[in-house]
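Enquirer: Using full-length UniProt numbering, read the sequence shown as starting at 1 and increasing by one per residue. Glycine included, every Cβ here is placed at the ideal spot set by N, Cα and C. This structure is a prediction, so every number in the text was calculated from the model and none was measured. Before we start, here is the structure in question, set down as structure tokens.
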Amino acid sequence: MAYRPESKFRALGVGVGPVVTETCARQMAWGVRRLLGADAAVAVTGVGGPGGSEGLPAGTVVIGVHARGIGTAQTHVFTGTPSEIVDQVVERALVALMARLRAH
């Protein structure tokens, strides 16, 4: 887990800048694949709350997937309790990973 922005920059090779972006999520997923030698990786970055960050509201999450040489990312805004948001993020991340693996 690379919770702090500095960890994302150093360990995963993410470019320095805002971390709640689709570019960051794609770079994180690629960095995880590279670091672990994995065939596919999922990365999640977002605003956990209680308040906003980077001008975004709490519950804003970007899910990145890298597999088969292609990285994708999508931004979502989830609502609910922290536990409910985590459940929604996990479900959406798995759907995104399966979609990427099923593509060509």
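For the stretch 20-96, list the beta strand (DSSP E) runs that are entirely contained and at least 3 residues long, ordered along the chain.
Expert: 40-46, 60-67 and 70-77
Enquirer: Do you know how far the Cα of T72 is from the Cα of V16?
Expert: 19 Å
Enquirer: In angstroms, rounded to a whole number, what distance separates the CA positions of residue 131 and V65?
Expert: With the chain covering 1 to 104 only, the question about residue 131 has no answer from this structure.
Enquirer: In the DSSP assignment, find the unbroken alpha helix (DSSP H) run with P5 in it and report its ends.
Expert: Element bounds for P5: P5 to L12.
Enquirer: Does the stretch 93-100 come close enough to the stretch 52-60 to have 3 or more Cβ pairs within less than 8 Å?
Expert: No, the stretch 93-100 does not touch the stretch 52-60.
Enquirer: So, with DSSP's three-state summary, where would you put A103?
Expert: coil
Enquirer: Can you tell me which of the three DSSP states M1 falls into?
Expert: coil
Enquirer: Assuming V32 contacts L12 (C-beta within less than 8 Å), just tell me the rounded distance between them.
Expert: 6 Å
Enquirer: Compute the distance between the beta-carbons of T60 and G80, then report whether it is under 7 Å.
Expert: no
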